[in-house]
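S.K.: Have a look at this one before I ask anything.
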Amino acid sequence: MLNFLKNIFSKKNKSNELSMDDGTWLDWLGADPVAIMSDEIKRLIIDQIEGAVVDNVHFTSNFKTLMTTRKSPEDPNRLIVNRAGVGAYFQATVQSSNNTPELLEGYFTWVAAGIATDRRSDQTYLDIGQDSDMSEDFLKMRLFEVGSEIEMSTN
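Per this note's numbering, the very first residue in the sequence shown carries number 1; after that it's consecutive.
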């Protein structure tokens, strides 16, 4: 069970294929987590840069995952996921209104709270040009910033 809860998500950078043989659970993101995360990065960039076109997004590091759980009241051998988060370094090729492609690098974080409820709350973040020392700490901090009102009402 400890391996399940550690930051053990790996991927092959070239093809964006995920390796989930280690027991990592990312169903909370949907059937294709890499595509969903890539689309969210594109959306966030386009929302921030008027007229931007994002040609591609690829991840340049292993994914870091965190989650919090509680025991199921019906089955003490079963855990219920309360919160989950994933973070990874990425590169994106972005063309702005002047049609000059630029390489954008940063750290992407997606956190969700209330996963086992009908009041789920998600938040995504882009930290552009952030150094590696702080970025992975952001995942830990942000995991508890989102949806605290949901968790209080479900305990």
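All C-beta atoms, glycine included, are put in the ideal place defined by N, C-alpha and C.
Short check: CB of Thr-65 to CB of Val-86, under 7 Å?
M.R.: Yes, the Cβ-Cβ distance between Thr-65 and Val-86 is below 7 Å.
S.K.: Could you work out which residue in Glu-50, Arg-43, Val-146 is closest to Ser-96 when comparing CA atoms only?
M.R.: Measuring from the Cα of Ser-96, the nearest candidate turns out to be Glu-50.
S.K.: Buried or exposed for Pro-101, going by 16 or more other Cβ atoms inside 10 Å?
M.R.: So Pro-101 counts as exposed.
S.K.: At 4 residues or longer, and completely inside the stretch 74-149: list those alpha helix (DSSP H) runs for me, N to C.
M.R.: Listed in chain order, the complete alpha helix (DSSP H) runs (minimum 4 residues) inside the stretch 74-149 are 132-145.
S.K.: Need the endpoints of the beta strand (DSSP E) that Leu-166 sits in, please.
M.R.: In the structure as shown, the chain starts at 1 and stops at 155, and residue 166 therefore has no counterpart that could be examined.
S.K.: Compute the Euclidean distance between the alpha carbons of Arg-120 and Ala-112, then round it to the nearest angstrom.
M.R.: Taking the straight line from one Cα to the other gives about 7 Å.
S.K.: Under 8 Å by Cβ, that's how I've got Leu-103 and Ile-45 pegged, so tell me the actual separation to the nearest angstrom.
M.R.: That belief does not hold up - the Cβ atoms of Leu-103 and Ile-45 are roughly 12 Å apart, past 8 Å.
S.K.: Identify the continuous beta strand (DSSP E) that holds Phe-59 and give its terminal residues.
M.R.: Unbroken beta strand (DSSP E) run through Phe-59: 53-59.
S.K.: What distance in whole Å lies between the Cβ atoms of Thr-93 and Trp-110, which are believed to be in contact at a cut-off of 8 Å?
M.R.: Not confirmed; about 21 Å, so no contact.
S.K.: Do you know whose CA, among Ser-61, Phe-63, Lys-140, Ile-41, lies nearest Asp-55's CA?
M.R.: If we check each option's Cα against that of Asp-55, Ile-41 comes out closest.
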